[in-house]
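Novice: Numbering (the working numbering), first residue to last: 7 to 555.
All C-beta atoms in this analysis are idealised placements derived from N, C-alpha and C, irrespective of residue type, glycine included.
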Amino acid sequence: MDEPAESLMNGLEDEYCPPLDPALFAAIASDYDLLDDDSVQQLRDTLDALKASADEQGNTAFDPSGTSGQGDQDGFASEHGGSHPTLNSLTSNLTSIESDFSVVSLEENQKPTRLGGGWSGPHAQQSPTRVSKITGLILEGKTTYLMEMFPSIDHYTIAHTLRKCDEDIDRSMDVLLNLAFFEDQSADDQEHKVSIPKGIDGFEGDIHSRERKRAKSKRSKKQGSLHHSSASVLAQREINEVENKWENSKRDVDFICCRTYLSPKSVTSAYHLNGASLPNTLHSLASTEADQHAKDMMDNSVTFTQIAELQQEFHKISPEKLAGLLRLARNSTSAASELATVMITVKPPPPSTDIIQIKQTPVDLADSPTQPRKIPSWTRQPQRDHLTSRAIANSHIIAGHSAFTQANSAYRRGKSDHLMGGAAGYYSAVGREHMEKAKKEAAAAADALVESQSYIRLLDLHGVSVQHAVSITKRRVEAWWDSLGDTKYAPGGRGPVQEGYRIITGLGRHSKNGTAKLGPAVARALANEGWKVEVGQGYLTVTGMVRRR
Numbered sequence: 007m008d009e010p011a012e013s014l015m016n017g018l019e020d021e022y023c024p025p026l027d028p029a030l031f032a033a034i035a036s037d038y039d040l041l042d043d044d045s046v047q048q049l050r051d052t053l054d055a056l057k058a059s060a061d062e063q064g065n066t067a068f069d070p071s072g073t074s075g076q077g078d079q080d081g082f083a084s085e086h087g088g089s090h091p092t093l094n095s096l097t098s099n100l101t102s103i104e105s106d107f108s109v110v111s112l113e114e115n116q117k118p119t120r121l122g123g124g125w126s127g128p129h130a131q132q133s134p135t136r137v138s139k140i141t142g143l144i145l146e147g148k149t150t151y152l153m154e155m156f157p158s159i160d161h162y163t164i165a166h167t168l169r170k171c172d173e174d175i176d177r178s179m180d181v182l183l184n185l186a187f188f189e190d191q192s193a194d195d196q197e198h199k200v201s202i203p204k205g206i207d208g209f210e211g212d213i214h215s216r217e218r219k220r221a222k223s224k225r226s227k228k229q230g231s232l233h234h235s236s237a238s239v240l241a242q243r244e245i246n247e248v249e250n251k252w253e254n255s256k257r258d259v260d261f262i263c264c265r266t267y268l269s270p271k272s273v274t275s276a277y278h279l280n281g282a283s284l285p286n287t288l289h290s291l292a293s294t295e296a297d298q299h300a301k302d303m304m305d306n307s308v309t310f311t312q313i314a315e316l317q318q319e320f321h322k323i324s325p326e327k328l329a330g331l332l333r334l335a336r337n338s339t340s341a342a343s344e345l346a347t348v349m350i351t352v353k354p355p356p357p358s359t360d361i362i363q364i365k366q367t368p369v370d371l372a373d374s375p376t377q378p379r380k381i382p383s384w385t386r387q388p389q390r391d392h393l394t395s396r397a398i399a400n401s402h403i404i405a406g407h408s409a410f411t412q413a414n415s416a417y418r419r420g421k422s423d424h425l426m427g428g429a430a431g432y433y434s435a436v437g438r439e440h441m442e443k444a445k446k447e448a449a450a451a452a453d454a455l456v457e458s459q460s461y462i463r464l465l466d467l468h469g470v471s472v473q474h475a476v477s478i479t480k481r482r483v484e485a486w487w488d489s490l491g492d493t494k495y496a497p498g499g500r501g502p503v504q505e506g507y508r509i510i511t512g513l514g515r516h517s518k519n520g521t522a523k524l525g526p527a528v529a530r531a532l533a534n535e536g537w538k539v540e541v542g543q544g545y546l547t548v549t550g551m552v553r554r555r
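(1) Check for me: the beta strand (DSSP E) holding R438 runs from which residue to which?
(2) Using 8 Å for Cβ pairs, my map puts T4 next to G512. What's the rounded Cβ distance?
(3) On the DSSP letters alone, give me the boundaries of the alpha helix (DSSP H) that E12 sits inside.
(4) Please report the distance separating the alpha-carbon of T294 from that of H402.
(5) Quick check: M179 and L152, are their CB atoms within less than 9 Å of each other?
(6) For R386, name the three-state secondary structure that DSSP assigns.
(7) How about A35 and L56: are their beta carbons less than 9 Å apart?
(8) Between which residues of its own chain and L53 is the CB-CB distance below 6 Å, once the five residues before and five after are set aside?
(9) With C-beta atoms as the reference, is V472 less than 9 Å away from L546?
(10) Skipping 5 residues on each side, what residues in its chain have a beta carbon closer than 8 Å to that of Y433?
(11) Once you ignore the five residues that flank V248 on each side, which residues in its own chain have a CB closer than 7 Å to its CB?
(12) Leaving out the 5 sequence neighbours to the left and right, which residues in its chain are closer than 7 Å to P157 when beta-carbon positions are compared?
(13) Between L183 and chain D, is the shortest Cβ-Cβ distance under 9 Å, so that the two count as touching?
(14) Need the endpoints of the beta strand (DSSP E) that H545 sits in, please.
(15) What is the DSSP secondary structure of I510, counted as helix, strand or coil?
(16) Return the chain-ordered list of same chain residues with a C-beta closer than 6 Å to the C-beta of G427, the five sequence neighbours on each side being excluded.
(17) If you draw a straight line from the C-alpha of A292 to the C-alpha of A186, how long is it?
(18) On the criterion of 16 or more Cβ atoms from any shown chain inside 10 Å, does F310 qualify as buried, or is it exposed?
(19) Please report the straight-line C-alpha distance between L30 and S422, rounded to a whole angstrom.
(20) Using DSSP bridges, identify the partner residues of K538.
(21) Using DSSP with H/G/I as helix, E/B as strand and the rest coil, what is D492?
(22) Helix, strand or coil for P25, going by three-state DSSP, please let me know.
(23) Hey, R336 and Y277: beta-carbon distance below 9 Å or not?
(24) Ordered along the chain, which non-local residues of its own chain (more than five positions away) have a Cβ less than 7 Å from that of D258?
(25) Take K446 and list the residues in its own chain whose beta-carbon comes closer than 7 Å to its own, dropping the five residues that flank it on each side.
(26) Which runs of the alpha helix (DSSP H) fall wholly inside the stretch 278-357 and span at least 4 residues, in chain order?
(27) Bridge partners of D562, per DSSP?
(28) Taking the alpha-carbon positions, what's the V528 to C263 distance?
(29) Can you give me the Cβ contacts of T351 inside the same chain, cut-off strictly under 6 Å, excluding the 5 residues immediately before and after it?
(30) Quick check: what's the CA-CA separation for D43 versus R418?
(31) I think K460 touches D453, with their Cβ atoms under 8 Å apart; what is that distance to the nearest whole Å?
(32) With 16 as the cutoff for other CB atoms within 10 Å, does A342 come out buried or exposed?
(33) So the candidates are L332, Q317, L455, A11; which of them puts its Cα closest to the Cα of L393?
(34) Less than 9 Å between the beta carbons of M551 and W487, yes or no?
(35) Tell me whether A522 sits in a helix, a strand or coil according to DSSP, three-state version.
(36) From S133 to I175, what distance separates their C-alpha atoms?
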């Protein structure tokens with residue numbers, strides 16, 4: 007390399023690295039002639055775009071759901087195989103977009119802080135709209151407010167925390183929220199521990215000690231029944247019914263591997279590529295197998311007979327896909343029947359080629375313009391289940407990936423054909439449009455999931471991300487409060503207000519590092535809005551608005 011070109015190369019590397027990786031910079035710069043001014047300008051334009059993208063990703067907020075995009079189920083699959091790096095980046099970009107929108111809605115233009123040794127990030131930020139607006143309270147008033155919010159924490163701990171935080175109610179709430187959830191989780195773990203005596207001590211128990219234990223057990227049960235209401239029992243049962251999404255993923259992969267010849271690695275890659283949906287994964291695998299071997303299988307008389315038998319039971323599935331399932335199942339009709347039964351539970355997502363279509367505007371040949379038909383504003387949109395919304399969201403992600411790939415190809419061809427620059431801009435706009443639609447479908451899937459597992463005065467947030475949980479909770483609590491009408495002003499606080507609005511958040515066992523994130527974030531958001539919240543074991547109870555003095 008000539009000395010001027012080498013010096014320019016070093017200067018550009020110092021300018022763009024970091025945030026760009028030096029290896030990536032060298033690979034891109036090798037495609038350009040550094041002795042040509044136009045080529046150098048094109049190189050700078052490319053590097054500027056990559057640098058802006060790298061800076062944007064570096065400032066992206068952290069996704070606190072702990073599910074890598076899959077566990078929230080209202081997001082998208084983020085664990086793909088190594089052959090799909092662009093799709094990985096697109097999915098992570100969508101997750102960052104969701105995080106940015108939710109952070110703005112919670113606490114706008116704030117920086118992450120660490121308060122009282124508690125959480126950090128967008129849900130633990132100082133904001134002028136927080137509960138510190140309850141001014142004019144002395145130490146006793148602040149202590150009473152926190153005791154009502156944290157009934158499981160003793161008076162000494164709350165008073166000590168207030169003094170330690172210089173009577174700052176915001177910082178004290180940060181510490182107590184973490185303390186409440188940590189104590190609930192540790193207490194629940196202690197209940198499952200059994201103390202087994204060792205050595206000769208294990209044989210010391212006699213009949214009298216057993217009778218004393220029985221009497222003590224009866225007294226403890228009687229006392230426990232006074233402290234726990236039927237509502238808390240219902241909440242605990244709802245908490246115990248939560249499913250582990252990582253175990254569900256492993257179970258789905260094992261289901262396919264046990265009935266097909268595919269390896270767990272290939273099934274896992276296809277599973278995450280199809281949004282962690284078992285029916286969509288089966289559709290994709292059957293279609294791929296049918297494209298390769300369906301014609302040969304149709305020529306086999308034995309296989310054709312087996313497909314005809316399956317067609318009688320599963321008439322909604324095309325013969326080609328049944329042939330693909332049969333080949334996957336090693337020509338076992340029973341295994342293929344089990345796969346088909348699961349596959350028909352969800353409709354297959356439309357291919358990306360059907361979503362991205364370039365259509366010209368039709369020419370209106372009518373002499374007089376016709377009035378567009380107006381859709382009444384009261385027309386109710388059809389409700390979709392969360393699986394369908396999630397499948398549509400994943401389809402938009404795949405379509406966005408295809409559009410961005412075409413935009414990248416057109417951009418590279420624009421070096422020799424300047425007309426391709428317009429095509430690159432068009433495909434980039436199409437990709438952004440699909441990513442925006444995917445974000446909306448993710449929110450719709452979260453709403454549908456919560457709706458399917460909630461009741462009138464019980465909101466179950468299992469299975470959704472922190473951002474969607476906070477947004478849904480705010481809307482549902484506001485709707486519950488408005489639905490009470492004048493009964494919320496009943497004297498003595500009796501009626502529906504006394505029962506409160508129960509929000510199931512879980513203990514956070516399935517979050518990253520087993521640390522609860524959903525419960526503290528929702529409690530913080532409700533307190534910021536001025537709601538009176540009681541923090542329980544794996545659930546929250548809203549009992550009204552805080553009286554401002």
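Specialist: The structure says:
(1) It is not in any beta strand (DSSP E) - R438 instead sits in the alpha helix (DSSP H) that spans 426-458.
(2) The structure shown does not extend to residue 4, since the chain is modelled only from 7 through 555, so no value can be given for it.
(3) 9-22
(4) 20 Å
(5) yes
(6) Confidence at R386 is low in this model, with a pLDDT of 40, below 50, so its placement is unreliable and the value that follows should be read with caution. DSSP, reduced to helix, strand and coil, places R386 outside both helices and strands of the structure shown, so it counts as coil.
(7) no
(8) Only Y22 meet the Cβ criterion.
(9) Their beta carbons are not under 9 Å apart, which means V472 does not touch L546 by this criterion.
(10) A409, F410, Q412, A413, A416
(11) Any reading at V248 must be qualified, since the residue scores a pLDDT of 44, below 50, and its modelled position is unreliable; the value itself is stated next. So the list reads H468, G512, once near-sequence residues are dropped.
(12) E540
(13) Among the chains of the structure shown, chain D does not appear; only one protein chain is present.
(14) In the sequence under discussion, the amino acid at residue 545 is Tyr, which differs from the His named in the question. 545-551 is the span of the beta strand (DSSP E), which, as asked, contains Y545.
(15) Annotated three-state conformation of I510 is strand, per DSSP.
(16) G420
(17) Straight-line Cα distance between these residues: approximately 49 Å.
(18) exposed
(19) C-alpha of L30 to C-alpha of S422: approximately 22 Å in a straight line.
(20) G550
(21) Helix, per DSSP.
(22) coil
(23) For R336 and Y277, no; Cβs fall outside 9 Å.
(24) So the qualifying residues of the chain are Y277, L284.
(25) So no residue of the chain qualifies.
(26) 284-305, 307-319, 325-334, 339-349
(27) No answer is possible for residue 562: it lies beyond the span of the chain, which begins at 7 and ends at 555.
(28) 39 Å
(29) P285
(30) 18 Å
(31) The amino acid occupying residue 460 in the given sequence is Ser; Lys does not appear at that position. 10 Å between Cβ atoms; not a contact.
(32) buried
(33) L455
(34) yes
(35) In the structure shown, the three-state DSSP call for A522 is coil.
(36) Any reading at S133 needs caution, since the residue's pLDDT is 43, under 50, leaving its predicted position unreliable; the model's value is listed next. Distance between the alpha carbons of S133 and I175 is about 13 Å.
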